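The structure appears right after this line, and notes come after that.
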Amino acid sequence: DVKVTQSSRYLVKRTGEKVFLECVQDMDHENMFWYRQDPGLGLRLIYFSYDVKMKEKGDIPEGYSVSREKKERFSLILESASTNQTSMYLCASRPRQGASYGYTFGSGTRLTVV
Amino acid sequence: GQNIDQPTEMTATEGAIVQINCTYQTSGFNGLFWYQQHAGEAPTFLSYNVLDGLEEKGRFSSFLSRSKGYSYLLLKELQMKDSASYLCAVRAFSNDYKLSFGAGTTVTVRA
Chain A
33 DVKVTQSSRY LVKRTGEKVF LECVQDMDHE NMFWYRQDPG LGLRLIYFSY
83 DVKMKEKGDI PEGYSVSREK KERFSLILES ASTNQTSMYL CASRPRQGAS
133 YGYTFGSGTR LTVV
Chain B
52 GQNIDQPTEM TATEGAIVQI NCTYQTSGFN GLFWYQQHAG EAPTFLSYNV
102 LDGLEEKGRF SSFLSRSKGY SYLLLKELQM KDSASYLCAV RAFSNDYKLS
152 FGAGTTVTVR A
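These protein sequence lines map, in sequence, to chains A and B.
The numbering of the first sequence is this note's numbering, which starts it at 33 and goes up by one.
The numbering of the second sequence is this note's numbering, which starts it at 52 and goes up by one.
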């Protein structure tokens, strides 16, 4: 019954490391999103993708990049991890059609950069 | 851009009613969503409003007034399991795909 899967629940990385966060959905959704969630700030959009090979910057893309080589997989990359990227990262997907469709979220990856 | 405001915390008693308000200022409007998020878990979809009025789903109802930029989520007959964070999210007409979220309201239900 699991629909959006994030590869790691908890992750600890060192400053300067390149970090990959993986997200896979099995619902054949076109749109996929990466958010980070911080106390008092809510969910902020990092990047999103309309479809395979497509990507758009969200509100806070600095320090991040993404990859969407296959429809079901959307990867978030931290090029050189920094302590201010310690956060909860949430992946979400939705179908292209249907205005009333909200997101289906993954369970999140709590990343700590030390 | 979008500006979405909701209270930080609310506390209520089991069996009572709680109303969580959300006000928004957006460059366009194409729908408002409410999500529930238990601690350490993924947000889950509760409701969607795009026209003015009240949408009822069992113990949960959501209201929208587009002219006032205002919505509320009403939780009735509160249960302990309703203790969670409730997120208000708006989709702007100019971009159908993205949702902008408020910071969330943490509801604590006491016995």
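Glycine included, each C-beta is placed from N, C-alpha and C at the ideal position.
Small disclaimer: the values here were computed from a predicted structure and weren't measured.
Review point. What's the call for A/Gln129, buried or exposed, on a 16-neighbour Cβ count within 10 Å?
Key: exposed
Subject >> Cutoff 8 angstroms: B/Glu106 Cβ touching any chain A Cβ >> reply: no
*asked:* Going by DSSP in three states, A/Thr144 sits in which element: helix, strand or coil?
replied: strand
message: Between A/Leu110 and A/Val51, how many whole angstroms is the CB-CB distance? I'm expecting something under 8 angstroms.
response: 4 angstroms
Can you name, in chain order, every residue of its own chain whose Cβ lies under 7 angstroms from the Cβ of B/Leu105, other than the five neighbours on each side? Ser112, Phe114
Note to self: Strictly under 8 angstroms for the Cβ-Cβ distance: is A/Asn63 near chain B by that measure?
What the structure shows: yes
- prompt: Is there a Cβ from chain A that is less than 8 angstroms from the Cβ of B/Pro58?
  reply: no
Would you say B/Ala154 lies against chain A (beta-carbon separation less than 8 angstroms)?
yes
**Prompt:** Which of helix, strand or coil does DSSP assign to B/Asp56?
**Reply:** strand
Between which two residues does the beta strand (DSSP E) containing A/Asp70 stretch? 63-70
Problem - B/Lys149, DSSP secondary structure in three states - result: coil
Just list the residues that DSSP pairs B/Phe84 with in beta bridges.
B/Tyr99, B/Ala140
Notebook entry, point to check: In three-state terms, what does DSSP make of A/Met59?
Noted result: coil
ask   = Using a beta-carbon distance below 8 angstroms, is A/Ser39 in contact with chain B?
value = no
ask   = Expressed to the nearest angstrom, what Euclidean distance is found between the alpha-carbon atoms of A/Phe137 and B/Ser118?
value = 30 angstroms
| Where A/Tyr135 and A/Arg126 are concerned, what is the direct C-alpha to C-alpha distance, given to the nearest angstrom? | 5 angstroms
_Under the three-state DSSP convention, the category A/Gln117 falls into_ = helix
task = Using three-state DSSP, classify B/Met61 as helix, strand or coil.
result = strand
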